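Enquirer:
Right, here's the structure in full:
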C-alpha cells in the first residue's frame, strides 16, 4: 500500500528479503505477503489503461502467472488457484508485472481476451459509479452471464 | 474482489444492505467492508488512466472523500484518517468514485496535484517492473523525498 504513512512494515519486509539467496524465485521474497500469505492484484488493460478487476494472489498464483504468461489468482472463497478464464474463456494475457513501493500490491498489465473481465459480462468490474448518493450501473453488459457460463 | 469465484460473500452482503433506510449515507452500507471495516481503494489518474497507488479506506474515509472532493484514506500503521497530501501537499482531487461488482474494492478517479502520488517522489507507486526475475526501478524520481517532506 502506498504513502509515507504506511511504509514501515513494507520497507522492513522488503529489506529483510534474502538478497544473497540463490534461485530464480528470489523476487517473490521481496513481496510483503499479508498474514494470510496474500496480496491484492490489480489487472489493468494494457492498451487502454482501464482497470479491469482486483483479485488476490498468493505466492503460487504469482509464480504461475509469470511462468505461464496468463493471470492466475487465489480464490479466497474456493481456497484454490483460480486460472482466470478457466470457465469463461476470458483469460488475461500478461504483458507486464509491477509492484508498488511497499511491495504489498501487484499491478498486472494484461490483454483481456474477449474484452470481458467481469463475471457479469461487462468489460470490467468497476461498472458502478456514485451519483448523488446512489450507485449507478453505467457500463453495458456485453454478453449475458448465462451465455458465458453455460455448460 | 472480482470474478465468479469470489462473489458469494460480496453479493450476499450487498443484497443485505438496508435499501429501505433513509438518509444520505445508504450508499455506504452497500460496501462490503472487511472484518477490520476496511476496503482497498485504487487511485487512478483521471486524464491518463494510470494507476497511482492503492491504500485502504474505512467508512469515515470514504464519506469524507466524497463530501470534500479530496482523497482521504485510513492509515493502518497510524490508525487514523490520512488526508492524502496533508504533509506533502500532493492532494488528490476527486473526479469520480466507482465500486466493483462485489462492492469490496473502491476505484477513485482523481487529479493528482503536483503530478506526484508516491512518497518516494515518483509519479506513482508502481515504479518497479519485473524483468528477468528482478524488480527494476523504471520510473524517475521527480522530486526527492527530502524536499517533499522537509519541515
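Protein chains in written order, with the numbering used here: chain V, 1316 to 1466; chain W, 1316 to 1466.
Glycine included, C-beta positions come from ideal geometry on N, C-alpha and C.
Only a predicted model underlies this, so the values are computations on that prediction, with no experimental measurement involved.
#1: Report the option in 1445/V, 1447/V, 1446/V, 1432/V whose CA atom is closest to the CA atom of residue 1457/V.
#2: Would the stretch 1421-1432 of chain V and the stretch 1360-1367 of chain V be scored as touching if the rule is three or more Cβ pairs under 8 Å?
#3: Residue 1427/W bridges to which residues according to DSSP?
#4: Counting beta carbon pairs with one atom in the stretch 1396-1409 of chain W and one in the stretch 1433-1445 of chain V, are three or more of them shorter than 8 Å?
#5: Is the CB-CB distance between residue 1419/W and residue 1357/W below 9 Å?
#6: Identify which residue in 1434/V, 1417/V, 1377/V, 1355/V has its Cα closest to the Cα of residue 1401/V.
#7: Near residue 1385/W, what residues of its chain come up, given a Cβ to Cβ distance below 6 Å and the 5 sequence neighbours on each side ignored?
#8: From residue 1462/V to residue 1436/V, what does the alpha carbon distance come to, in whole angstroms?
#9: Less than 9 Å between CB atoms is the rule here; does residue 1431/W satisfy it with respect to chain V?
#10: For chain V, find out if any of its Cβ atoms is closer than 9 Å to the Cβ of residue 1408/W; answer yes or no.
#11: By how many angstroms is the C-alpha of residue 1465/V removed from the C-alpha of residue 1336/V?
#12: Could you spell out where the beta strand (DSSP E) holding residue 1356/W opens and where it closes?
Expert: Taking the geometry as given:
#1: Ranking the options by Cα distance to residue 1457/V, first place goes to 1432/V.
#2: The stretch 1421-1432 of chain V makes contact with the stretch 1360-1367 of chain V, as at least three CB pairs between them are under 8 Å.
#3: Note: residue 1427/W is bridge-paired with 1407/W in the DSSP secondary-structure output.
#4: The stretch 1433-1445 of chain V, when compared against the stretch 1396-1409 of chain W, does not touch it at the 8 Å Cβ threshold.
#5: At least 9 Å separates the beta-carbon of residue 1419/W from that of residue 1357/W.
#6: When each option's Cα is compared against that of residue 1401/V, the closest is 1434/V.
#7: Cβ neighbours of residue 1385/W beyond the five flanking positions: 1406.
#8: Roughly 9 Å separates the two Cα atoms.
#9: Judged by the 9 Å Cβ criterion, residue 1431/W is not in contact with chain V.
#10: Not closer than 9 Å to any Cβ of chain V, the Cβ of residue 1408/W fails to qualify, so no.
#11: With a pLDDT of only 43 at residue 1336/V, under the threshold of 50, the placement of this residue in the model should not be trusted, and no figure is reported.
#12: Per DSSP, the continuous beta strand (DSSP E) segment holding residue 1356/W begins and ends at 1354-1360.
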